[in-house]
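Our numbering puts the sequence shown at residues 1 to 148.
Even for Gly, the Cβ is constructed at its ideal location relative to N, Cα and C.
All figures in this text were calculated on a predicted structure; none of them were measured in a lab.
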Amino acid sequence: MTKPELRQAFNEPAGLTFADIPPGLAEGPTPLETLLNLLQGGSACALADSGIAACDPQTLDRISAAAQLESDDCLDRIHCLLELLHASLATDPPTLSHITLTGTLRHLTRLLTDHQRWHALADNAAYYRDHPQVASKVSNYQKPAQTQ
Numbered sequence: 001m002t003k004p005e006l007r008q009a010f011n012e013p014a015g016l017t018f019a020d021i022p023p024g025l026a027e028g029p030t031p032l033e034t035l036l037n038l039l040q041g042g043s044a045c046a047l048a049d050s051g052i053a054a055c056d057p058q059t060l061d062r063i064s065a066a067a068q069l070e071s072d073d074c075l076d077r078i079h080c081l082l083e084l085l086h087a088s089l090a091t092d093p094p095t096l097s098h099i100t101l102t103g104t105l106r107h108l109t110r111l112l113t114d115h116q117r118w119h120a121l122a123d124n125a126a127y128y129r130d131h132p133q134v135a136s137k138v139s140n141y142q143k144p145a146q147t148q
């Protein structure tokens, strides 16, 4: 797929400007949410990342650690963008255009959403790792739904 086709498939805006995009949360799932849901065997939002419940403890530990690193990276990016915004808005007049500011706010919103999703994945993987009985029940519950 081309980049515009990928953007359309994931409800991403085409083009180089963000002026027509409100800086709020986007409607529908983000590409990260879509990817994680598809990897877990379904296109709908998987409650508590139930698709990973069948993983062994070592894999759950790796998922938790990797997801936590991604969550932390999102926060670092948010802090960096906020520092740049602060520096830009502290000048009179602001050094960034309206289009750039709107795009930056959109990126901040996406980073926050991604941070929250990575953090939830890390927490869920650690919970399943630490509670194998719950993971087993969730995994067994998921099997009939996946065969339909």
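Run of the alpha helix (DSSP H) containing residue i, from where it starts to where it stops
i	result
Gly103	98–130
Buried versus exposed call for residue i [16 or more other C-beta atoms within 10 Å across all chains shown]
i	result
Val134	exposed
Asn140	exposed
His86	exposed
Gly51	buried
Asp56	exposed
Ala90	exposed
Gln40	buried
Gly103	buried
Asp92	exposed
Leu84	exposed
Leu36	buried
Leu111	buried
Residue i in three-state terms, based on DSSP
i	result
Ala90	coil
Ala66	helix
Ser71	helix
Of all the alpha helix (DSSP H) runs that stay within the bounds of the segment 29–62, which reach a length of 4 or more residues?
31–39
Taking 8 Å as the threshold, find out whether the segment 109–126 comes into contact with the segment 70–77 through three or more Cβ pairs.
yes
Would the segment 119–132 count as touching the segment 60–70 if we require 3 or more Cβ pairs under 8 Å?
yes
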